Amino acid sequence: MAVATDQVSLFKEVGPGGVTREGGRPHGFRLRVGLLSTVLLLVFSALFARLWFLQVMAGERYVALAQDNATRTVSLEAPRGRILDRHGKALVTTRYAMVVTVQSNELGPHPDAVLRELADLLGISQRQLRSRIDNSRAGPLWPAPVLVDAPRRLVFYLHENAEDFPGVRVEQRPLRRYPHGSLAAHVVGYVGEINEEELDRKRYRGYDPGDLIGWGGVEATHESQLRGIKGTRRAEVDAQGRILRELGGRAPTPGRDLRLTIDLRTQRLAERALDQGLAQARGTGDSERGGTYAAPAGAVVVLDPRNGELLALASNPSFSPARFVGGVGDGYWKALHSKSNHYPLINRTLQSAYPPGSVWKVVPAAAALRHGFMSTSSTLPCPASFSLGSATFNNWSSTDMGSMDIQRALTMSCDTVFYQLGTRMWMAEGGESGRAKGFMTAEGERFGFGALTGVDLPYETDGTVPGRRWKREYWRDNRDSYCKVARSASSGAYERLLYAELCSDGWVWRGGDAVNMSIGQGDVQTSPLQLANAYAAIANGGTRYRPHVVKAVIGESGRVRKVRREVIGRVPLRPEHLAEIRNGLVGVTSAGGTAGTPFAGFDVPVAGKTGTAENKPLAPYAWFVSYAPANAPRYVVVAMVEQGGGGSLNAAPIVRQVYEGLFARPGARRPG
Amino acid sequence: MGDIVFGPTVGFVRPAILSRSRSATVPLRHVDGLLLLATLGLSGFGLVMIYSATAPSLVTEGLDPRLFVERQITSLALGLGVMAVLAAVDYRTLTRWAAFAYLGAVALLAATLVAGEEVNASQSWLSVGGLQLQPAELAKPALVLALASLVGERRQPRPGPRVLLGMLLLAGVPMALIAAQPDLGTLLVFAAVLFGVVLLGGVKVRYIVLLVLLAVLAVGGVVRMGLLEDYQLDRVSAFLDPKKAPQAVTYNVTQAQIAIGSGQLAGRGLFQGSQTSLSYVPENHTDFIFTVVGEELGFVGAAGTLGAYALLIWRALRIAALSRDRVGTIIASGVLTVFTFQVAVNVGMAVGLVPVTGLPLPLVSYGGTSLVGSLAMVGLLQNVHLHRFGRRGMTRLSSTLAGGWG
Chain A
34 MAVATDQVSL FKEVGPGGVT REGGRPHGFR LRVGLLSTVL LLVFSALFAR LWFLQVMAGE
94 RYVALAQDNA TRTVSLEAPR GRILDRHGKA LVTTRYAMVV TVQSNELGPH PDAVLRELAD
154 LLGISQRQLR SRIDNSRAGP LWPAPVLVDA PRRLVFYLHE NAEDFPGVRV EQRPLRRYPH
214 GSLAAHVVGY VGEINEEELD RKRYRGYDPG DLIGWGGVEA THESQLRGIK GTRRAEVDAQ
274 GRILRELGGR APTPGRDLRL TIDLRTQRLA ERALDQGLAQ ARGTGDSERG GTYAAPAGAV
334 VVLDPRNGEL LALASNPSFS PARFVGGVGD GYWKALHSKS NHYPLINRTL QSAYPPGSVW
394 KVVPAAAALR HGFMSTSSTL PCPASFSLGS ATFNNWSSTD MGSMDIQRAL TMSCDTVFYQ
454 LGTRMWMAEG GESGRAKGFM TAEGERFGFG ALTGVDLPYE TDGTVPGRRW KREYWRDNRD
514 SYCKVARSAS SGAYERLLYA ELCSDGWVWR GGDAVNMSIG QGDVQTSPLQ LANAYAAIAN
574 GGTRYRPHVV KAVIGESGRV RKVRREVIGR VPLRPEHLAE IRNGLVGVTS AGGTAGTPFA
634 GFDVPVAGKT GTAENKPLAP YAWFVSYAPA NAPRYVVVAM VEQGGGGSLN AAPIVRQVYE
694 GLFARPGARR PG
Chain B
1208 MGDIVFGPTV GFVRPAILSR SRSATVPLRH VDGLLLLATL GLSGFGLVMI YSATAPSLVT
1268 EGLDPRLFVE RQITSLALGL GVMAVLAAVD YRTLTRWAAF AYLGAVALLA ATLVAGEEVN
1328 ASQSWLSVGG LQLQPAELAK PALVLALASL VGERRQPRPG PRVLLGMLLL AGVPMALIAA
1388 QPDLGTLLVF AAVLFGVVLL GGVKVRYIVL LVLLAVLAVG GVVRMGLLED YQLDRVSAFL
1448 DPKKAPQAVT YNVTQAQIAI GSGQLAGRGL FQGSQTSLSY VPENHTDFIF TVVGEELGFV
1508 GAAGTLGAYA LLIWRALRIA ALSRDRVGTI IASGVLTVFT FQVAVNVGMA VGLVPVTGLP
1568 LPLVSYGGTS LVGSLAMVGL LQNVHLHRFG RRGMTRLSST LAGGWG
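So the protein sequences, as listed, match chains A and B. Taking our numbering, the leading residue of the first sequence gets 34, the next gets one more, and so forth. Taking our numbering, the leading residue of the second sequence gets 1208, the next gets one more, and so forth.
And the structure:
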């Protein structure tokens, strides 16, 4: 430092005229000057040191920060692929909307003032605005959408006053559009921002916070095809966020289109039939429980038995995927997850399993024929009730219906015939300590029950086919809790006896279990889709195809990758046995069959089976599973109504309405 | 070559007259050349920096990019004139007029409180016929002169308690007016001037200690009584704990450091700084102009600028020591303190060593009043240097004005 080094010479210096210091120079003046010089030296040293640190030692870091400041890389969202029906009609398309976004780390020196003014502009409270910013899973480093479909006047205002709104941008973003509203909502699914949990998953490597991903439906299962490749746009921006210079970038690549197997018209038909069927059930008196049937929910499946293509999948209640565009509101999200609304997001055709009741009877029928418990010519009596040990199992009818063969037992849905078959098979297997996998269990698995169908939709359930092994495993898993309840219940109480028995002998596959299973009760659980696929095998001669909703993926430049039909299993049945079962099912819809009334006057031969699955204390599940035309099946149609009462009463009419539409028969209301 | 006469008569006096009046005039060679070099260098450099800081945003707004620079050039011309006058007239003469300067400055300061314009929560501007003034900038040289004249009147070797009290009063009045604006930074400049003058003016150590104690108590009292504005406290607490501070308070400081740091050793090139040209640093033509230096010219430029100030301050210290009397010493000390304090605080603020206080970088920052005031103070320094040889070295004009002094 110049000041310090020159200090000595400085005070020795004598003016050019030989004039020396006058008197009156205070004592210790040199000391004071020295003190001041030292302070100056320290001050300047500190400034130099700090400059050295900032510029030379940490300079590179600040260069990076300055570049971050001045160049903004805006990622351009790629439009997702469209979702089309089998004929190319659009179910889900893309539209571009003006979206106002806020990036909280770029709000400049007065973030509160910016947000206050923005909230005024949007006509919402500051708190609402903040919650919209916070609700975005994007985080502060990414623009959070606060308003979708900004009016033109607002867009212009924000552009013209950009300097007053640092960190606030208007972006043109591709958004999902649903020209048919909630039609096929469960099939297409919906789109929402990726969350932190998903970001960590391998499947979503390369995704950024705030990216949209498919949730539910083919949006989820075909995410990688539907999602395009994001583009980027690099620009130099000033402190007010004004773009000064484009620095290049890359245009986004749109996602691939999906062509579904779903037929828009059939889908609408199925949804309408289901909706009207539920309404009808709700107006039907429930003689057992009083009032009318609650019928809160139901499902319809329309499947092509020749290849596994799903023409329609209807699940009621449904939801509106459009409500998810630009971020789903809290209220709607809560409504979708409330018990009182019966969880509309659940796709009941394949995400829930129910007791099938009598529609299951094709399984014991096939097992009995296969293993010789019945032949095509043998008969069994159909009494009003059946006794096994001390227990009595009733038929659905209180009158003795006489002797009948398998075909008629299916047509009349005679429970007592199947009780006898179930008991015989159970005994032949070796009774309580018999072979691990019984005849009926094995047959159920052959039909695809208890296993995933492999449908290209998310969260499919596999249901349950019970048996000795299953019961032992189930008991092993639950023994501790059984025994605990048995110990804690007061002695002599029924509860204690029951749980004490479950605790010690809960693994035993009893005759009663086989009896219950023979009519699709007890622990049997199937999804409507599994039933559709099982009946498809009966319809097509014994082949199980993988049910699917995606027919083709259409890439850039129109290259189409078709989804081929895929065999996932076979049900080897002798032709005469198959014919026996098919004839039984055709009888169901004929005069005198259990669904003779709902199909009266319908001129296309329909093979079907009614089901009324007990679910005490609630009303039974109403089922109707069918295929048509019975002689050359093109459709499998399944209808299920939760708490809907009798299958012939409240499920079969839904199926008939679907067939009327499919075959364009009189009475069909042609949906637009 | 013959001596060139420095003073208002230059150019109008024939050589014969010059040689005759040599004894009564100060030759230009007695000007402190290094001081002049540093002054002109810094002011000229300031013009370039102001251009760099303002041109891009002026262009964006469709205005003339030289708008600010041209205004500053006008001020510079005026300031150089003021400097020349204040250098030429013997400071002993000037001290006689100190009372007028002082009272004028106080009157202007009082006027700002009544008719001033509020900028950044501080009422420190006065608008006179389309001309904008910051009276506090003019009050700095006025106070320096007034203090010098007060101490100079006394004949005793050391200023006693009465003189000290007078100094306190002299400084106290403008300080109270500035505190009322409020302008904390400028207030501290005046306090520093008082301290510098007291230190080099020969006040006894015990009084100095007493003064420092009083100052500490006063600061403590002000903070305790909550007399500081919220934004002032915010700035200090933001400085002490930047992570907790709201973004509004730390924004300037952060952007300033990014600008300076990104200059690295050699800078990003003149007019090439992105922080500067894209307006990331607010007030970068006034209080934060050092960020432009740091970003565009790097450590080399920043250190060079600091070096120029060090040169100026060293010359001031030397002039204080060389002065023929205490009046000159006090004038030089006052000016020295103003420059040192403002440079230290302004640069310290830009590099994050000192809390944010609105003080211009003397001679470089945009602002007419500040520039004229700073040049006036440099003029006073030159004056003390020019007239360090007693009456013999008086300029003709000053001897005329001085009349029968001594």
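We put the beta carbon where it would ideally sit given N, CA and C, even for glycine. Model, not experiment: these values are computed from the prediction.
Reference residue i; option with closest CA among the options
i, options, result
"V181 of chain A", "A:H192, A:A475, A:L208, A:E196", "A:L208"
"Y568 of chain A", "A:G114, A:N374, A:M460, A:D337", "A:D337"
"S385 of chain A", "A:K394, A:V392, A:H375", "A:H375"
"V1410 of chain B", "B:T1261, B:R1533, B:Q1589", "B:R1533"
"P178 of chain A", "A:R206, A:R186, A:E193, A:D153", "A:R206"
"L73 of chain A", "B:V1585, B:L1518, B:G1575", "B:L1518"
"V557 of chain A", "A:H370, A:G390, A:S371, A:G694", "A:G390"
"A1466 of chain B", "B:M1432, B:S1481, B:A1355, B:L1357", "B:S1481"
"R607 of chain A", "A:T576, A:G625, A:E599", "A:T576"
"G641 of chain A", "A:A368, A:A672, A:N648", "A:A672"
"V1624 of chain B", "B:G1428, B:V1500, B:L1376", "This structure cannot speak to residue 1624 of chain B, because chain B is shown only from 1208 to 1613."
"R322 of chain A", "A:E647, A:L443, A:S108", "A:E647"
"L1435 of chain B", "B:L1472, B:A1399, B:A1387", "B:A1387"
Residue i (DSSP reduced to helix, strand or coil)
i, result
"T286 of chain A", "strand"
"A1231 of chain B", "Reliability fails at A1231 of chain B, whose pLDDT of 45 lies under 50, so the model's placement of it is uncertain and no value is given."
"E55 of chain A", "Confidence at E55 of chain A is low in this model, with a pLDDT of 41, below 50, so the placement of that residue should be treated as unreliable; the coordinate-derived value is given next. E55 of chain A falls in the coil class under three-state DSSP."
"T134 of chain A", "strand"
"K642 of chain A", "strand"
"M437 of chain A", "strand"
"Q1482 of chain B", "helix"
"M673 of chain A", "strand"
"P112 of chain A", "coil"
"T1564 of chain B", "coil"
"A697 of chain A", "coil"
"S1581 of chain B", "helix"
"V688 of chain A", "helix"
"Y1487 of chain B", "coil"
"A424 of chain A", "strand"
"A665 of chain A", "coil"
"F657 of chain A", "strand"
"Q1464 of chain B", "helix"
Closer than 7 Å at the beta carbon, the chain C residues around residue i
i, result
"L87 of chain A", "In summary, chain C is missing from the structure at hand, where the protein chains are A and B."
Whole-angstrom C-beta distance between residue j and residue i, which should lie under 8 Å
i, j, result
"T286 of chain A", "G261 of chain A", "5 Å"
"F632 of chain A", "R698 of chain A", "About 11 Å separates the two Cβ atoms, so there is no contact after all."
"N428 of chain A", "T409 of chain A", "That pair is no contact at about 23 Å."
"R315 of chain A", "A328 of chain A", "5 Å"
"Y692 of chain A", "F635 of chain A", "7 Å"
"A1343 of chain B", "S1331 of chain B", "6 Å"
"I439 of chain A", "A401 of chain A", "7 Å"
"L4 of chain A", "V201 of chain A", "Limits of chain A in this structure are 34 at one end and 705 at the other, which puts residue 4 of chain A out of reach."
Neighbour list for residue i in chain B, Cβ cutoff strictly below 7 Å
i, result
"A103 of chain A", "S1481, L1485"
"R83 of chain A", "V1558, L1560"
Contact list for residue i against chain A, beta-carbon separation under 9 Å
i, result
"Q1471 of chain B", "Q88, V89, G92, E93, Y95, V96"
Beta-carbon neighbours of residue i, restricted to chain A and to distances below 8 Å
i, result
"Y1458 of chain B", "G141, P142"
Cross-chain neighbours of residue i in chain B, by beta carbon under 9 Å
i, result
"F62 of chain A", "L1407, G1409, A1528, T1536"
Contact set between residue i and chain B, taken where Cβ atoms lie within less than 8 Å
i, result
"A79 of chain A", "G1555, L1560"
"V66 of chain A", "L1407, L1524, A1527, A1528"
Positions along the region 127-149 of chain A whose CB lies within less than 8 Å of some CB in chain B: L140, G141, P142, H143, P144, D145
Under 7 Å (Cβ pairs) to chain A, residues found in the region 1497-1517 of chain B: G1501, G1505, F1506, A1509, A1510, L1513, A1517
Interface residues of the region 188-202 of chain A facing chain B [CB-CB below 7 Å]: none
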